[in-house]
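Participant: So that we are looking at the same thing, I have put the structure below in structure tokens.
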Amino acid sequence: MFIENELYFIIKSGLPPSSSSVTTVKRTFADFIFLQKWLAYENPYSWIPSLKAPRNPFTVSLKLSRQIIHEVQARLNAFLRVLLTHPTYSDHELLWEFILIQDFSKSQSVERCRKKLENKKEANYEDSIVYHRGDLELIEVFFRHACDETERLNNALCRLSQCVVNLQNKYNDLSEANCILGEKLYEVEFLANEYADKISLETDYKLTYRNEDKAMQDFGYNMSALANTAGSVITALHQPMGMVSQLENVNSQLYKNQLALERLNNKNAWPLGIFEDKRDRDIRETEDRIYLNQSEIRRLSSDIKSSHITSASELGGFYNVQEAEIRRSIEEHTHGIIRSEREKLSRLKRLSEKAHC
């Protein structure tokens, strides 16, 4: 709906049989961006579906603007469905405030997210451990395997989405061809003379070829949204793999600094009484570098541990969500196609009856 040139999306929640239990709120696309931003901020190790800014529907034709709005609506529906089944976000208070409370306080939500993240970081830092090379190899194997499997799923979903787009384009081409055929029917002399007084042949014919199948379009949007979700998981899995490489580099720097400190502390390597000031200054600088390396190692180890635990707990939920969404999309697509074909058959029967009466 439009209010003062602003596009709002209506979110309804509750039990459909009872109208009194249904809660309705209005949200703009910027509100969805706010939700995504602060959920991701509070949970930096979790995956979250991405949202791309749509084209402005006011800058295009009416038909295209409706198509853009419908596409955005389908993507936002998929976004909320994923969050409501997400292992981490499904019971998050910000998500439910967004769905149930029209005028929730964004400033309070932001402050709450910041405090919760600070508390998590403190707790993780207190429980942090230092990973050794053997531990890192096992963690790398886990993340590499998870990335490979998710990339296979993402590639399959992208191919399926592209196939649906190609099929939809074929349907559009067929519709245009049928439209041209329908316009030419009046040019056929015997048809125009025989049926001009009985039926509007062109209008009735056009009703039989409509292949603007909403089911096919929605199926394409759903597959694209699922591929987008898989891409978000891949991005989240690549992040700890980068931290593992960074931790290995810091460990190498720490080892070199420790060797340098041992050489500086070895007085036999320095002439007695010569360059003592420089030696003391180099020792202090090397100790500072060692301290910074150790602090960075603790931070990276804490982040890797949190990412490992979070990814391991969420991957199973992600695959369950993907499977359930694919099944739901296929069922909705099948039912939609059946309804569409039944409507076309009914129109063809009515046209046939009119033509022979």
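Mapping of the sequence shown onto the working numbering: residues 664 to 1020, in sequence order.
Backbone N, C-alpha and C define an ideal beta-carbon position, used for all residues, glycine too.
From proline 903 to asparagine 956, what distance separates their C-alpha atoms?
Facilitator: Within the sequence shown, numbered from 1, the residue matching residue 903 stands at position 240. Within the sequence shown, numbered from 1, the residue matching residue 956 stands at position 293. Cα-Cα distance, rounded: 18 Å.
Participant: Expressed to the nearest angstrom, what Euclidean distance is found between the alpha-carbon atoms of arginine 952 and serine 969?
Facilitator: Locating residue 952 in the sequence shown gives position 289, counting from the first residue. Locating residue 969 in the sequence shown gives position 306, counting from the first residue. Going by the C-alpha atoms only, they are around 26 Å apart.
Participant: By a C-beta neighbour count over all protein chains shown, 10 Å radius and 16 as the cutoff for buried, is leucine 927 buried or exposed?
Facilitator: Start at 1 with the first residue of the sequence shown, and residue 927 comes out as number 264. The residue in question, leucine 927, is buried, as its Cβ has 16 or more Cβ neighbours within 10 Å.
Participant: Rank Asp943, Gln909, Val913 and Leu910 by C-alpha distance to the C-alpha of glutamate 925 and give the top, closest one.
Facilitator: Position 262 of the sequence shown, counted from the start, is the residue given in the question as residue 925. Checking every option, the nearest Cα to that of glutamate 925 belongs to Asp943.
Participant: Across which residues does DSSP place threonine 687 in a beta bridge pair?
Facilitator: By one-based count along the sequence shown, residue 687 stands at place 24. BP columns for threonine 687 point to Lys675.
Participant: Which whole-angstrom value is the C-beta distance of alanine 809 and serine 915, which I expect to be below 8 Å?
Facilitator: To locate residue 809, count along the sequence shown from 1; it is residue 146. To locate residue 915, count along the sequence shown from 1; it is residue 252. Not quite, the Cβ-Cβ distance comes to about 26 Å (not below 8 Å), so this is no contact.
Participant: Alpha carbons only, please: which of Leu702, Ile731, Ile732 and Lys779 is nearest the one belonging to glutamate 760?
Facilitator: Walking along the sequence shown from the start, residue 760 turns up at place 97. The shortest Cα separation from glutamate 760 among Leu702, Ile731, Ile732 and Lys779 belongs to Leu702.
Participant: Cβ of leucine 698 within 8 Å of Cβ of leucine 758?
Facilitator: Locating residue 698 in the sequence shown gives position 35, where the first residue counts as 1. Locating residue 758 in the sequence shown gives position 95, where the first residue counts as 1. Their beta carbons are under 8 Å apart, which means leucine 698 touches leucine 758 by this criterion.
Participant: Rounded to whole angstroms, what is the Cα-Cα separation between leucine 823 and histidine 901?
Facilitator: Stepping through the sequence shown from its first residue, residue 823 is reached at position 160. Stepping through the sequence shown from its first residue, residue 901 is reached at position 238. So the two alpha carbons sit approximately 24 Å from each other.
Participant: Measuring straight from C-alpha to C-alpha, what distance separates glutamate 994 and aspartate 881?
Facilitator: Against the sequence shown, residue 994 aligns to sequence position 331. Against the sequence shown, residue 881 aligns to sequence position 218. Approximately 12 Å, taken between the alpha carbons.
Participant: Does the stretch 829 to 837 come close enough to the stretch 998 to 1007 that 3 or more CB-CB pairs lie under 8 Å?
Facilitator: no
Participant: Checking 8 Å against the spacing of the C-beta atoms, do serine 791 and serine 964 come in under that value?
Facilitator: The sequence position of residue 791 within the sequence shown is 128, counting from 1. The sequence position of residue 964 within the sequence shown is 301, counting from 1. Taking a C-beta distance under 8 Å as the contact criterion, serine 791 and serine 964 qualify as a contact pair.
Participant: If you compare alpha carbons, which of Asp694, Lys700, Lys675 and Ile696 is closest to valine 688?
Facilitator: Looking up residue 688 in the sequence shown gives position 25. Ranking the options by Cα distance to valine 688, first place goes to Lys675.
Participant: Is the separation between the beta-carbon of phenylalanine 799 and that of glutamate 911 shorter than 8 Å?
Facilitator: The residue given as residue 799 occupies position 136 in the sequence shown. The residue given as residue 911 occupies position 248 in the sequence shown. For the sequence presented, residue 799 should be read as leucine rather than phenylalanine. Yes.
Participant: Of all the options Asn891, Gly797 and Cys826, which has the alpha carbon lying nearest to the alpha carbon of glutamate 814?
Facilitator: Taking the sequence shown and counting its residues from 1, one reaches residue 814 at position 151. Residue Asn891 is the option with its Cα nearest to glutamate 814.
Participant: Per DSSP, what kind of secondary structure is leucine 963 in: helix, strand or coil?
Facilitator: The residue you call residue 963 lines up with position 300 of the sequence shown. Helix at leucine 963.
Participant: Does DSSP put isoleucine 862 in a helix, in a strand, or in coil?
Facilitator: Along the sequence shown, one-based indexing puts residue 862 at 199. Residue placement at isoleucine 862 is poorly supported in this model, since its pLDDT is 47, which falls under 50; the coordinates still yield a value, given next. Under the three-state reduction of DSSP output, isoleucine 862 falls in the coil class, being neither helix nor strand.
Participant: Would you identify the three-state DSSP class for leucine 714, choosing helix, strand or coil?
Facilitator: For the purposes of this step, residue 714 is taken as the residue at position 51 of the sequence shown. Three-state result, leucine 714: coil.
Participant: Can you tell which of Met879, Tyr704, Ala819 and Lys779 has its C-alpha closest to the C-alpha of histidine 996?
Facilitator: Position 333 of the sequence shown holds residue 996. If we check each option's Cα against that of histidine 996, Met879 comes out closest.
Participant: Sorted by chain position, which residues of the same chain lie with C-beta nearer than 7 Å to leucine 739's C-beta, five sequence neighbours on each side aside?
Facilitator: As a first step, residue 739 is located in the sequence shown; it is residue number 76 there, counting from the start. Around leucine 739: Phe672 and Phe695.
Participant: Specify the secondary structure class of glycine 797 as computed by DSSP and reduced to three states.
Facilitator: Position 134 of the sequence shown, counted from the first residue, corresponds to residue 797. Three-state result, glycine 797: helix.
Participant: Using a Cβ-Cβ cutoff of less than 7 Å, which residues in the same chain neighbour glycine 894 once the five nearest sequence positions on both sides are dropped?
Facilitator: Numbered from 1 along the sequence shown, position 231 holds the residue referred to as residue 894. Counting only Cβ-Cβ distances below 7 Å, and skipping sequence neighbours, we find Asn817.
Participant: Suppose you measure from the CA of lysine 779 to the CA of aspartate 836; what does that come to, to the nearest Å?
Facilitator: Indexing the sequence shown from 1 puts residue 779 at position 116. Indexing the sequence shown from 1 puts residue 836 at position 173. Using only the alpha carbons, I get a separation of about 54 Å.
Participant: When you compare only the Cα positions, how much space is there between histidine 971 and histidine 733?
Facilitator: Locating residue 971 in the sequence shown gives position 308, where the first residue counts as 1. Locating residue 733 in the sequence shown gives position 70, where the first residue counts as 1. When rounded, the distance between both Cα atoms is 38 Å.
Participant: Where does alanine 840 land, buried or exposed, given buried means 16+ other C-beta within 10 angstroms?
Facilitator: Within the sequence shown, numbered from 1, the residue matching residue 840 stands at position 177. Result: exposed.
Participant: So the alpha helix (DSSP H) serine 915 belongs to, where does it begin and stop?
Facilitator: Taking the first residue of the sequence shown as position 1, residue 915 is located at position 252. Run containing serine 915: 877 to 928, per the alpha helix (DSSP H) assignment.
Participant: At a cut-off of 7 Å, would you count glutamine 771 as near the ligand HEM, judging by its Cβ distance to the nearest heavy atom?
Facilitator: In the structure shown, the ligand HEM is absent, as is every other ligand, since no ligand is present at all.
Participant: In chain order, what residues of the same chain have a beta carbon less than 7 Å from the beta carbon of serine 713, not counting five sequence neighbours either side?
Facilitator: Here residue 713 is taken as the residue at index 50 of the sequence shown, counted from 1. Contacts found: Asn891 and Ser895.
Participant: Counting only runs of 4+ residues fully inside the stretch 964 to 1006, write out the alpha helix (DSSP H) ranges in chain order.
Facilitator: none
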